[in-house]
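Novice: Going down the list, the sequences are from chains G and E. Letter 25 of the first sequence, counting from 1, is numbered 25 in this note's numbering, and no numbers are missing. Quick note: to get this note's numbering, add 1000 to the position in the second sequence (first position is 1). Positions of the beta carbon are idealized from the N, C-alpha and C atoms, including for glycine. Here the structure is a predicted model, which is why all the values come from computation and not from measurement.
There are 2 protein chains.
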Amino acid sequence: MDAFHLLKSISKHITLDAEEEKYLKSILLPMTMKQNEFIENTNEVTRYFINVNEGCLMTYYTDKEANDHVLQFATAGWWTGDLNSFTNGAPSIYSTKALTDSKVLLIPKIQMDELLKRFPKFEKYFRIIFQNSLITHQQRILRNLSMSAEERYQYFLQKYPTLEQFVPQKHIASYLGITPEFLSKIRRKMMEK
Amino acid sequence: MDAFHLLKSISKHITLDAEEEKYLKSILLPMTMKQNEFIENTNEVTRYFINVNEGCLMTYYTDKEANDHVLQFATAGWWTGDLNSFTNGAPSIYSTKALTDSKVLLIPKIQMDELLKRFPKFEKYFRIIFQNSLITHQQRILRNLSMSAEERYQYFLQKYPTLEQFVPQKHIASYLGITPEFLSKIRRKMMEK
DNA sequence: CGTCTATTTGAATGTACTCAAAAGCGGTGG
DNA sequence: CCACCGCTTTTGAGTACATTCAAATAGACG
């Protein structure tokens, strides 16, 4: 099993001994995904928290009018999935799909609880992961409140320059909270300058 | 010192022994705030993470055009402040002020680090706090992406019915990402029905 | 090459904003 | 006690940013 990016992420914040690393690896479910494949189903309770080892996934919400809204893109090393469903056992409202052929590691909910219980060191790791993620979510909320669509797009390009390769424009538009048509117009306007 | 709501929040997730509770109390700085008073200053590094024991605070960002954008309202038991500045030592871009006379508890950054080191049990507490907060931030992002201003206001009223008492309409408008004038028009429209 | 989906383009529309002025509301001092 | 001040909320007219809808064009894949 290849857990390179996960172990890299972990080693930034805590140091595992051989036993801890072995145990962690024993509970991870590696999974290979083809482009456009999904993990689990909307409306069911999420059983897994997902770490991306290779490729790019997208987690999004589909509203009653069948419009998609992208919560997150996730590349190597990132965690994704429906955290609310995973944590609280609520039916999932998100879909998570592969934008490219990908390799992911799944942690089942029960194993995650057991991991935290047996090796409290992982509490620190996830505390830091969630803390950092919370900070970036706060910043995204403020960008949505204070910046125009064009400014948000410019920020996106500068912050995630590599994502453009994987991600169709319509999904970037959705992440930014605008329609694909309007993003197209923004791009034209930016080219003219 | 009155740490009632903080201890209540903690006891939901972990159980403290006498020593842990004593140590925790020893590092908390109680502070009384009059309405419209601020904690710390924008542009400086945040030294404290803030827990509200009584009253209501607001954390907001002021952009270049001097428009305020509300990140969060915090009532009894809630944590607030500039988490990015606190965590990463960046200059603060938020202001935190009291909307009513309030009582808060401050944890200095250094003491927080020491607390987590000496009593790793608190890693679990903050892991859960940040995890839950992350979930609510994700949900807020999706509401901003998928709901109209009126729908967001209705959701706000239903979710935080008590906040209306403390919070001027213009700040609710700011939290929702609209102008006070437009919120006023939404309210009129809702009355007419 | 044909099919399917993504992107672009343009016209009409709608949601939310800006600006300006009036009305409401709370506190303070004469 | 009420008159005035400062701030918030309301109202209306005009405007701008972004959407909708429809059609054309471009790209990707078998």
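I need the straight-line Cα distance from residue 1077 (chain E) to residue 1104 (chain E), nearest angstrom please.
Specialist: 9 angstroms
Novice: Taking Cβ positions only, does residue 1081 (chain E) come closer than 8 angstroms to chain G?
Specialist: no
Novice: Are any of the Cβ atoms in chain G nearer than 8 angstroms to that of residue 1108 (chain E)?
Specialist: no
Novice: Relative to the C-alpha of residue 67 (chain G), which residue among G:178, G:117, G:82 is closest?
Specialist: G:178
Novice: Listing by chain order, which chain E residues have their CB less than 9 angstroms from the CB of residue 61 (chain G)?
Specialist: 1142, 1145, 1146
Novice: Which residues in the same chain have their Cβ closer than 7 angstroms to the Cβ of residue 124 (chain G), if we skip the five residues on either side of it in sequence?
Specialist: 13, 14
Novice: So residue 84 (chain G) contacts chain E; which residues on that side make the cut at Cβ distance below 8 angstroms?
Specialist: 1135, 1138, 1139
Novice: Could you tell me whether the Cβ atoms of residue 1100 (chain E) and residue 1154 (chain E) are closer together than 8 angstroms?
Specialist: no
Novice: What residues of chain G sit near residue 1120 (chain E), judged by a beta carbon separation below 9 angstroms?
Specialist: 120, 121, 123, 124
Novice: Whole-angstrom Cβ separation of residue 87 (chain G) and residue 1131 (chain E), contact assumed at under 8 angstroms?
Specialist: 6 angstroms
Novice: Taking the alpha-carbon of residue 1121 (chain E) as reference, which of E:1002, E:1023, E:1004, E:1147 has the nearest alpha-carbon?
Specialist: E:1023
Novice: What does the alpha-carbon distance come out to for the pair residue 1186 (chain E) and residue 71 (chain G)?
Specialist: CA-to-CA, the gap between residue 1186 (chain E) and residue 71 (chain G) works out to about 27 angstroms.
Novice: Which same chain residues, not among the five before or five after residue 1094 (chain E), have their C-beta less than 6 angstroms away from its C-beta?
Specialist: 1059, 1061, 1082
Novice: Considering only C-alpha positions, which residue in the set E:1020, E:1127, E:1007 is nearest to residue 1118 (chain E)?
Specialist: E:1020
Novice: Can you tell me the Cβ-Cβ gap for residue 28 (chain G) and residue 107 (chain G), rounded? I've got them flagged as a contact below 8 angstroms.
Specialist: Indeed they touch by this definition, with Cβ atoms about 6 angstroms apart.
Novice: Assuming the contact rule is C-beta atoms closer than 8 angstroms, residue 144 (chain G) and residue 1144 (chain E) should be a hit. Round their C-beta distance to whole Å, please.
Specialist: Right, the Cβ-Cβ distance comes to about 5 angstroms (below 8 angstroms), so this counts as a contact.
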